[in-house]
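Visitor: Residue numbers (our numbering), protein chains in the order written: chain A, -5 to 181; chain B, -18 to 104. Cβ atoms here follow ideal geometry from the backbone N, Cα and C, with glycine treated the same way. One structure, as structure tokens, below. Some questions next.
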Amino acid sequence: MFARTDISQYINNCYEPVWQSLHEVPIVSVDFGGGRVLKRTLNGNIATYIITADGTVVDILPGIYKPDTYLSQLKALHNLAEDCRHESSSTMVSARLSRYHSKLAARPVHLTGSLEPQAGPANLPTNLETDTRINETLRRHQIHEKLAQTPPKLSQSLTNWLYKEVLHCDLSDPYLGLASTLAGRPQ
Amino acid sequence: MNTSLRKAFGLAALVSITQASQLAQAAKEAQPGARAAFDMAPVSKAAIEMPVKNLVSLQSKALESETIETGRKDGREGVEGKTVLPGKVNWHKSLSQALDRSRTSGKPVLLFYMLGSLDKEFC
Chain A
-5 MFARTDISQY
5 INNCYEPVWQ
15 SLHEVPIVSV
25 DFGGGRVLKR
35 TLNGNIATYI
45 ITADGTVVDI
55 LPGIYKPDTY
65 LSQLKALHNL
75 AEDCRHESSS
85 TMVSARLSRY
95 HSKLAARPVH
105 LTGSLEPQAG
115 PANLPTNLET
125 DTRINETLRR
135 HQIHEKLAQT
145 PPKLSQSLTN
155 WLYKEVLHCD
165 LSDPYLGLAS
175 TLAGRPQ
Chain B
-18 MNTSLRKAFG
-8 LAALVSITQA
2 SQLAQAAKEA
12 QPGARAAFDM
22 APVSKAAIEM
32 PVKNLVSLQS
42 KALESETIET
52 GRKDGREGVE
62 GKTVLPGKVN
72 WHKSLSQALD
82 RSRTSGKPVL
92 LFYMLGSLDK
102 EFC
């Protein structure tokens, strides 16, 4: 996604971008015998935070998005961050963000169509479509509810909450909460 | 069979019976909790060993990037692959640097969190 010219140019022009790794990426290893081992990285959960210069979290885009949707959301959140920048005080910024998140949290969540991902490489775009829809509805709704209370400063506790409660990837667990799923029964 | 050989077999048999008896007694005296550690719940193989197709394609949502290795000792180092350019974005080296620049440029910070590394080939 960051290799796309339109997205990278927009980010370079309108944001101060930085990436951070929260954890090593999980790797699946399938041993077929005879020394042949197929290893694949899992699709690590990602999150895009939009932050003001003083560390106030404007909004969060959870998970992976279709490039076009990602770009349109970055544009919308840039406008919101610009509005915040022109507020006269941090209290006014908090009030504006609280109103913004409260309004969106109050919207009913509509998620139509099948959420079942389709197997096979030919259907990867379908999975991305599904992820985008879930991110833009269910997951962002959770985030709006959280940030509606008081738009917080960037913190580890917020990130831990996001990964555990929204992305279902428990950073405090060495197995990232995947052990029960991979073992096929409760831990 | 001569006498000494017969005695040797007899002694060996006695030792075996004695050991078996001791083991049986030890099993009886063992704590219930200790025995439970060896109990296996009656689950099917399918419940434990998820079909590989589901594991890789559905549950894990694996990336398109993949590698097939033969005989490597350390998988992780091999799988993460070589260092690559993380897209065409001009990433700052640290969050503090991005925040500093944000104060002067007026642009908001885009903080991209992830598992793995953006500059590794397979992550």
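Could you name the residues of chain B that Leu16(A) contacts, counting a contact when the two beta carbons are closer than 8 Å?
Guide: Tyr94, Met95, Leu96
Visitor: Just checking, does the stretch 154 to 166 of chain A make contact with the stretch 56 to 66 of chain A on the three C-beta pairs under 8 Å criterion?
Guide: yes
Visitor: Hey, could you find the ends of the alpha helix (DSSP H) Arg79(A) is sitting in?
Guide: Counting along the chain, the alpha helix (DSSP H) containing Arg79(A) begins and ends at 61 to 79.
Visitor: For Tyr43(A), which of helix, strand or coil comes out of DSSP?
Guide: Tyr43(A) falls in the strand class under three-state DSSP.
Visitor: Any chance the stretch 86 to 97 of chain A sits against the stretch 14 to 33 of chain A, with 3 or more Cβ pairs inside 8 Å?
Guide: no
Visitor: Assuming Val70(B) and Phe(-4)(A) form a contact by the criterion Cβ under 8 Å, report the distance between their Cβ atoms to the nearest whole angstrom.
Guide: 5 Å
Visitor: Look at Ser82(A) and Ser98(B) and say whether their C-beta atoms are less than 8 Å apart.
Guide: It is not a contact, given that the beta carbons lie outside the stated cut-off.
Visitor: Are any of the Cβ atoms in chain B nearer than 8 Å to that of Pro11(A)?
Guide: yes
Visitor: With a CB to CB cut of under 6 Å and the five nearest residues on each side skipped, what residues in its chain are close to Pro102(A)?
Guide: none
Visitor: Compare the C-beta of Ile44(A) against all C-beta atoms of chain B and say whether one is closer than 8 Å.
Guide: yes
Visitor: Return yes when the Cβ of Ser86(B) is within less than 8 Å of the Cβ of Glu123(A), no when it is not.
Guide: In terms of Cβ geometry, Glu123(A) and Ser86(B) do not form a close pair [threshold 8 Å].
Visitor: Could you have a look at His17(A) and say whether DSSP puts it in helix, strand or coil?
Guide: strand
Visitor: List, in chain order, every chain B residue whose beta-carbon is nearer than 8 Å to that of Gly49(A).
Guide: Correct list: Leu80.
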